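Asks: Can you keep this structure in mind? I'll have questions shortly.
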Amino acid sequence: MAVSNKSSSAGRFGPRYGRRIRVKISNIEAQMKQKHKCPQCGRKSVKRINTAIWQCTKCETTFAGGTYLPDTPVGRVSQKASGKVGSE
Numbered sequence: 001m002a003v004s005n006k007s008s009s010a011g012r013f014g015p016r017y018g019r020r021i022r023v024k025i026s027n028i029e030a031q032m033k034q035k036h037k038c039p040q041c042g043r044k045s046v047k048r049i050n051t052a053i054w055q056c057t058k059c060e061t062t063f064a065g066g067t068y069l070p071d072t073p074v075g076r077v078s079q080k081a082s083g084k085v086g087s088e
């Protein structure tokens, strides 16, 4: 019997929607499911609760962020403009 490749999270789509879209979805979901750095305590323990809702499992801080990542490029630019990033 042949050895098959391990399928990613986009394997649930089967042959539908095309390879490029399935690869993009797989990359986005892999980044989304990683543990991210908490803005409050600084530990890598932030998980996604719901769409754009993120929670730290250590300090229980809940905050709104991006849909797939807790911080977005636009959010980083706005924080730099307001001076919050450099003051910490």
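Numbering (UniProt numbering), first residue to last: 1 to 88.
By construction, the Cβ of each residue, glycine as well, lies at the ideal position given by its N, Cα and C atoms.
Every value quoted in this text rests on a predicted model; they were computed, and no experiment measured them.
1. Need the endpoints of the beta strand (DSSP E) that V46 sits in, please.
2. Going by other Cβ atoms of all chains shown within 10 Å of its Cβ, with 16 needed for buried, is V46 buried or exposed?
3. Take P39 as the anchor and find which of K6, F63 and V77 has the nearest alpha-carbon.
4. For K37, name the three-state secondary structure that DSSP assigns.
5. Using CA coordinates, which residue listed in G83, K35, L69 and N50 is at the minimum distance from I28?
6. Tell me the DSSP bridge mates of T62?
7. Taking the straight line between their C-alpha atoms, what separation do you get for A30 and C41?
8. In angstroms with no decimal places, state the Cα-to-Cα distance between R43 and K24.
9. Report the residue from R12, S7, T61 and S4 whose alpha carbon sits nearest the alpha carbon of K37.
Replies: Working from what's here:
1. K44 to N50
2. Counting of Cβ neighbours within 10 angstroms places V46 among the buried residues, the total reaching 16 or more.
3. F63
4. strand
5. L69
6. Q55
7. A30 and C41 have their alpha carbons spaced roughly 24 Å apart.
8. 28 Å
9. T61
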